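Student: The structure is given below, and queries will be raised subsequently.
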Ligand code: HAM
């Protein structure tokens, strides 16, 4: 038996209505806020993520699905996230003449070679938004409000917004200095990877999962205490705007995010009661990314939320039961003439826009009615020789247990 790859999933017809319901809300909300959908390729040149996401991040170092293309020596990677691809697309398509800010959203599959567990898989699905060209805190507040609005409409009452600022190019060196000094005095207590991080990218020490490193991270210097006046003012203004917009948050200095492109605002929405993988949405500002990828200096802000984690959170809140669409009518038929007539009526009603089914298996009347019941058909119509001869049949309302006569030639629902 060939089985699916570890860490991937089949989403079956009973489950797709929930995903489509969620995706519908995401699209509606994104479009309400003026975002347009963008679709980028599933794979990109590896270099894009190495430069965009950062070569010292866990995503790039340990988690990417990277392979040599059949073309000579080219290295390709299945996208581990959407932001770098969207930035590349905007540069490659030269969208600088469009009205600013540029606002894009996407619903995509992503790939990361992580240890699978509840809420963490190797192929997963993200809804994300990216806004380019606006560096004002109003852009951050609007992106965050959009994320909050989607989560609200999904019925998530168990989610909290954690907010932080990690500063910019000018205050980062100052903070990095304080961080290195702190960790140097604890060097014997940190894991081997963190010893390397101390040299390559000290900020990454803060999101090490090793328990001892995590304990040290909790007591480490905080970015918020090292912000330059501009970053401080940006953050304070963002907080006031969120207050004005009625978006609740907690300031959490522990949020640093695992990807290198972030500057200033970073945030995560964390759900209670869904286990260890509780971050349903993560995002932040990335003011240097477009330039890093060869474009102009264009600031950016965005977020992405993981659909399977949202499903876990919705189950926890009791909002995940979305019914699949049911047939409005099932036409049962006995005999060859009735079967042909049933097919004709079925097709006619489908063209009128209704969900209608009839027998395709040559089954007994009893078996056909059992099928109609299982599929939850609202009405049934039983056709035999008598109905074909008279052109009249009984349309039965299964919910009300009533029936009425209809003319086969032209009845509608
Ligand atoms: P991220 O925090 O790496 O950020 O991922 C965003 C969300 O995707 C996570 O909060 C989580 O819900 C979901 N997710 C991540 N990895 C997995 C996984 N292995 N299995 C299931 N769900 C997962 C980004 O990807 C950034 N691009 C977000 C962003 C957009 N920042 C600015 N713009």
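Residue numbers (our numbering): 381 to 793. We put the CB at the ideal spot given by N, CA and C, even for glycine. In this text the structure is predicted, and so the values were computed from the model without any measurement.
(1) Can we count residue 689 as close to ligand 1, meaning its CB is less than 7 Å from some heavy atom?
(2) With distances taken between CB atoms, is the gap from residue 662 to residue 652 smaller than 8 Å?
(3) On the premise that residue 484 lies in contact with residue 418, defined as a C-beta separation below 8 Å, what is that separation, rounded to the nearest angstrom?
(4) Let's see if you can read the secondary structure: which residues bound the beta strand (DSSP E) around residue 503?
(5) Within 7 Å: the Cβ of residue 545 and any heavy atom of ligand 1?
(6) Within the present structure, is the beta-carbon of residue 721 separated from the nearest heavy atom of ligand 1 by less than 7 Å?
(7) Can you tell me whether residue 769 is helix, strand or coil according to DSSP?
(8) Would you say the beta carbon of residue 791 is closer than 7 Å to some non-hydrogen atom of ligand 1?
(9) State the DSSP-derived secondary structure class of residue 726, mapped to helix, strand or coil.
(10) Are residue 768 and residue 401 closer than 8 Å when you measure CB to CB?
(11) Using CA coordinates, which residue listed in 454, 656, 760 is at the minimum distance from residue 745?
(12) Using CA coordinates, which residue listed in 747, 713, 709, 721 is at the minimum distance from residue 730?
(13) Here's the rule I'm using: 16 or more other beta-carbon atoms within 10 Å means buried, otherwise exposed. How should residue 677 be labelled?
(14) Given a cut-off of 8 Å on the beta-carbon distance, is the pair residue 439 and residue 430 in contact?
(15) Taking DSSP's pairing of strands, which residues face residue 643 in a bridge?
(16) If we call anything under 8 Å between Cβ atoms a contact, is residue 681 one with residue 665?
(17) Whole angstroms are fine: how far does the CA of residue 542 sit from the CA of residue 631?
(18) Suppose the cutoff is 6 Å on Cβ atoms and the five residues either side in sequence are ignored; what does the same chain contact list for residue 601 look like?
(19) Hey, out of 428, 623, 381, whose CA is closest to residue 673's CA?
(20) List the whole-angstrom C-beta distance separating residue 657 from residue 500, where the pair is believed to meet the contact cut-off of C-beta under 8 Å.
(21) The beta strand (DSSP E) that contains residue 684, what's its start and end?
(22) Less than 7 Å between the CB of residue 684 and some heavy atom of ligand 2, yes or no?
(23) Going by DSSP in three states, residue 478 sits in which element: helix, strand or coil?
(24) Does the separation of the CB atoms of residue 507 and residue 719 fall below 8 Å?
(25) Compute the distance between the beta-carbons of residue 458 and residue 423, then report whether it is under 8 Å.
(26) Return the chain-ordered list of same chain residues with a C-beta closer than 8 Å to the C-beta of residue 518, the five sequence neighbours on each side being excluded.
(27) Judging by CA-CA distance, which residue of 775, 410, 618 is the nearest neighbour of residue 521?
(28) Between residue 771 and residue 787, which are expected to be in contact by the criterion C-beta below 8 Å, what is the C-beta distance as a whole number of angstroms?
(29) Can you tell me which of the three DSSP states residue 615 falls into?
(30) Relative to the C-alpha of residue 585, which residue among 564, 605, 604 is closest?
(31) For residue 448, report the span of its alpha helix (DSSP H) as first-last.
(32) Only counting the same chain, and skipping five residues up and downstream in sequence, which positions put a Cβ closer than 8 Å to that of residue 712?
(33) Taking the continuous beta strand (DSSP E) assigned at residue 785, which residues delimit it?
Tutor: So, from the listed chains and residues:
(1) yes
(2) no
(3) 4 Å
(4) 503-512
(5) no
(6) no
(7) helix
(8) no
(9) helix
(10) no
(11) 760
(12) 709
(13) exposed
(14) no
(15) 665
(16) yes
(17) 6 Å
(18) 558, 559, 562
(19) 428
(20) 5 Å
(21) 680-686
(22) Looking for ligand 2 in the displayed structure turns up nothing; the ligands present are ligand 1.
(23) coil
(24) no
(25) yes
(26) 621
(27) 618
(28) 6 Å
(29) helix
(30) 564
(31) No alpha helix (DSSP H) holds residue 448; the beta strand (DSSP E) holding it covers 445-448.
(32) 722, 738, 739, 745, 748, 749, 752, 760, 761, 762, 763
(33) 782-787
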